[in-house]
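**Student:**
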Amino acid sequence: MKEYRTLPEDFLMGGATAAYQVEGATTADGKGPVAWDTFLVEKGRYTAEPASDFYNQYPVDIELCKKFKIDSLRMSIAWSRIFPRGYGEVNQKGIDYYHNVFAECKKNGIIPFVTIHHFDTPKNLFDDGDFLNRENIEHFVNYAKFCFDEFEEVHYWSTFNEIYPAATNQYLTGAFPPEIQFDLKKTVTALHNMMYAHARAVNIFKEGDYEGEIGVVHSLEPKYPASDAPEDKHAAELDDALSIKFLLDATYLGYYSEHTKRCIDEILEANGTSVTFDDNDFVEMKKAANRNDYLGINNYVSHWVKAYNEESQIFYNTTGTKGTHVYRIKGIGERIRRDDLPRTDWDWLIYPQGIYDLLVRIKEDYPNYNKIYITENGLGYKDEFDDGVVLDEPRIDYLRGYFNYISKAIDDGVNVKGYFIWSLMDVFSWINGYNKRYGLFYVDFETQKRYPKESAYWYKYVSEHKTII
Ligand code: BGP
1 MKEYRTLPED
11 FLMGGATAAY
21 QVEGATTADG
31 KGPVAWDTFL
41 VEKGRYTAEP
51 ASDFYNQYPV
61 DIELCKKFKI
71 DSLRMSIAWS
81 RIFPRGYGEV
91 NQKGIDYYHN
101 VFAECKKNGI
111 IPFVTIHHFD
121 TPKNLFDDGD
131 FLNRENIEHF
141 VNYAKFCFDE
151 FEEVHYWSTF
161 NEIYPAATNQ
171 YLTGAFPPEI
181 QFDLKKTVTA
191 LHNMMYAHAR
201 AVNIFKEGDY
211 EGEIGVVHSL
221 EPKYPASDAP
231 EDKHAAELDD
241 ALSIKFLLDA
251 TYLGYYSEHT
261 KRCIDEILEA
271 NGTSVTFDDN
281 DFVEMKKAAN
291 RNDYLGINNY
301 VSHWVKAYNE
311 ESQIFYNTTG
321 TKGTHVYRIK
331 GIGERIRRDD
341 LPRTDWDWLI
351 YPQGIYDLLV
361 RIKEDYPNYN
371 KIYITENGLG
381 YKDEFDDGVV
391 LDEPRIDYLR
401 GYFNYISKAI
411 DDGVNVKGYF
421 IWSLMDVFSW
431 INGYNKRYGL
441 FYVDFETQKR
451 YPKESAYWYK
461 YVSEHKTII
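Residue numbering for the sequence shown is 1 to 469, as defined by full-length UniProt numbering.
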């Protein structure tokens with residue numbers, strides 16, 4: 001008989017969303033603008049209207065959570081619904097909206113797991129330099145404190161979603177507005193400033209004696225050398241230092257280790273620049289380092305890296321056309337294609353062992369990590385809808401692979417307390433639009449009707465039996 005792996009009885013099964021990707025209603029009830037509104041209109045491909053119309057459909061989605069044994073809903077608050085200009089005057093209708101969502105969660109026994117910032121800085125602050133501008137750190141911290149005071153119903157707070165992709169998509173790959181490419185100085189500065197802002201919010205939360213838990217959600221993608229050649233090993237080490245160590249050092253040490261600093265300086269120097277940090281920042285960061293209740297990990301892919309010292313080149317595959325992705329950063333490395341490993345419809349590499357390697361490594365390198373939630377993982381797929389039925393077997397295979405490795409990491413002593421599939425229902429994807437679907441529930445974006453996919457039944461079984469079939 002086949003042996004199935006299991007999960008602990010108290011393992012939380014969740015579904016993840018983000019305000020801008022599900023709510024729609026981008027101008028409703030006093031919401032202020034964000035940079036994406038104009039950026040997407042200028043691109044002319046699609047907009048965040050209607051997205052999944054969660055602004056109106058939230059009772060339907062929360063009821064679906066209950067029906068499919070999804071314990072927790074990961075969601076974010078849109079900063080510009082609360083403070084249309086990022087600070088100053090508050091918008092009561094925005095506040096009421098989130099109270100209503102939380103009340104609906106309570107009614108259905110669903111735990112809200114709330115992110116304060118998910119790629120949607122209010123437009124005027126964004127235009128003013130976003131997190132490159134130190135004044136905006138103050139605005140963020142005030143907004144976070146406002147949320148802690150106002151939303152007593154929330155017991156799980158994540159300060160930021162994906163500081164690394166936020167900074168690199170803005171200033172390194174240029175995939176997000178303001179579409180700046182290869183600016184390593186801006187990238188490192190934004191990373192550090194967001195980590196400092198995270199620490200400030202954590203300290204306010206802990207010193208304010210609020211009830212509940214606080215953490216940060218990092219996107220962590222393991223890096224492996226493309227060969228045994230010393231230069232490829234070093235390239236993987238550099239990529240890892242910028243995308244993983246820099247963030248985890250900031251989170252759990254409150255400073256950058258000598259090794260991390262050396263790697264970052266080498267990357268900056270290769271790109272003809274340097275960055276210095278204000279020593280005072282580390283006072284706050286060190287104070288926060290042992291106060292993180294949990295780490296949220298978003299993991300989709302792993303990378304194999306080889307040395308690259310020519311001019312940087314990026315091509316971001318937004319359509320799923322196979323073999324078009326290019327990622328070569330001067331002084332860091334080139335992420336190579338591995339034809340021997342499976343890939344998604346969008347050419348993202350499927351390597352479940354990566355999540356195991358990552359989890360074990362965090363336990364070893366940062367013993368004060370406390371506990372981990374996988375806050376995003378899932379398969380972006382061109383689901384086929386057949387008269388209300390979606391047989392998404394590849395998604396189930398994908399999930400089974402990752403769940404098995406998570407279960408193995410738990411057996412090997414890593415304290416993983418839950419998993420949130422990206423995404424609960426189909427959502428709007430920042431740079432891929434509406435046909436890259438991730439949801440357990442298929443959304444007909446015309447009618448906004450939801451249909452459980454085959455994977456939703458699989459997920460329900462795993463949640464009920466804590467057995468990975
Ligand atoms: C993460 C983001 C999510 C979501 C997901 C899938 O980086 O936190 O907001 O978008 O990736 O990404 P994509 O839609 O580009 O496939």
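All C-beta atoms in this analysis are idealised placements derived from N, C-alpha and C, irrespective of residue type, glycine included.
Keep in mind it's a predicted model, so treat the numbers as computed, not measured.
Which ranges would you report for the alpha helix (DSSP H) in the segment 377–403 if only whole runs of at least 4 residues count?
**Tutor:** You should have found no qualifying run.
**Student:** Any chance you could list the beta strand (DSSP E) runs of at least 3 consecutive residues sitting entirely within the segment 200–278, in chain order?
**Tutor:** List check, beta strand (DSSP E) in window: 213–219, 223–225.
**Student:** Can you list, in chain order, the residues of its chain with a C-beta nearer than 8 Å to that of residue 274? Leave out the 5 residues immediately preceding and following it.
**Tutor:** So the qualifying residues of the chain are 185, 265, 268.
**Student:** Excluding the five sequence neighbours on either side, which residues of its own chain have a C-beta within less than 7 Å of the C-beta of residue 445, listed in chain order?
**Tutor:** Answer for residue 445: 50, 434, listed in chain order.
**Student:** Residue 21: beta carbon under 7 Å from a heavy atom of the ligand BGP?
**Tutor:** Answer for residue 21: yes, Cβ within range of the ligand BGP.
**Student:** Do you know offhand how far residue 107's Cα is from residue 214's?
**Tutor:** Going from the Cα of residue 107 to the Cα of residue 214 covers about 23 Å.
**Student:** Less than 8 Å between C-beta atoms, sequence neighbours within five positions excluded: which residues of the same chain meet that for residue 63?
**Tutor:** For residue 63, where only same-chain residues beyond five positions count, the Cβ hits under 8 Å are 108.
**Student:** Let's test the definition: count the other Cβ atoms within 10 Å of the Cβ of residue 18 and tell me whether it reaches 16, buried, or not, exposed.
**Tutor:** When all chains shown are included, residue 18 counts as buried.
**Student:** Mapping DSSP to helix, strand and coil, what is residue 424?
**Tutor:** Correct three-state label for residue 424: coil.
**Student:** Return the chain-ordered list of same chain residues with a C-beta closer than 6 Å to the C-beta of residue 40, the five sequence neighbours on each side being excluded.
**Tutor:** Excluding sequence neighbours, residue 40 sits near 47.
**Student:** Considering only heavy atoms of the ligand BGP and the C-beta of each residue, which residues fall inside 6 Å, strictly closer?
**Tutor:** Any residue whose Cβ sits closer than 6 Å to a heavy atom of the ligand BGP makes the list: 18, 21, 161, 162, 165, 219, 298, 376, 380, 422, 429, 430, 431, 432, 436.
**Student:** Could you pull the start and end residues of the beta strand (DSSP E) that residue 298 belongs to?
**Tutor:** First-last of the beta strand (DSSP E) with residue 298: 294–298.
**Student:** Which same chain residues, not among the five before or five after residue 68, have their C-beta less than 6 Å away from its C-beta?
**Tutor:** For residue 68, where only same-chain residues beyond five positions count, the Cβ hits under 6 Å are 456, 460.
**Student:** What does a CB cutoff of less than 7 Å around residue 253 pick up in its chain, not counting 5 residues either side in sequence?
**Tutor:** Cβ neighbours of residue 253 beyond the five flanking positions: 289.
**Student:** Kindly list the residues whose CB is nearer than 7 Å to the CB of residue 81, restricted to its own chain and excluding five residues on each side of it in sequence; keep chain order.
**Tutor:** The answer, listed in chain order, is 31, 91, 94, 97.
**Student:** By DSSP's criteria, residue 115 is part of a beta bridge. Which residues make up the other side?
**Tutor:** According to DSSP, which records beta bridges pairwise, residue 115 is partnered with 76, 158.
**Student:** For residue 188, collect the residues of the same chain with a Cβ closer than 7 Å to its Cβ; drop the 5 residues on either side in sequence, then sort them by chain order.
**Tutor:** So the list reads 264, 268, 275, once near-sequence residues are dropped.
**Student:** Return the first residue and the last residue of the alpha helix (DSSP H) that residue 36 is part of.
**Tutor:** Its alpha helix (DSSP H) spans residues 35–43.
**Student:** Can you list, in chain order, the residues of its chain whose CB lies under 6 Å from that of residue 499, leaving out five sequence neighbours each side?
**Tutor:** Past the edges of the chain, shown from 1 to 469, lies residue 499, and the structure says nothing about it.
**Student:** Tell me the rounded alpha-carbon separation between residue 175 and residue 432.
**Tutor:** Cα to Cα, the separation comes out at about 11 Å.
**Student:** Using the DSSP secondary-structure output, state which residues sit across from residue 467 in a beta bridge.
**Tutor:** DSSP output for residue 467 lists 6 as bridge partner(s).
**Student:** Within the same chain, show all residues whose beta-carbon is closer than 8 Å to that of residue 148, passing over the 5 residues directly before and after it, in chain order.
**Tutor:** Hits under 8 Å: 157, 204, 205, 208, 210.
**Student:** Per the DSSP calculation, residue 419 is bridged to which residue(s)?
**Tutor:** Answer by DSSP bridge pairing, in chain order: 13, 374.
**Student:** Would you report the Cα separation of residue 74 and residue 226, rounded to the nearest angstrom?
**Tutor:** Their backbone Cα atoms lie some 35 Å apart in a straight line.
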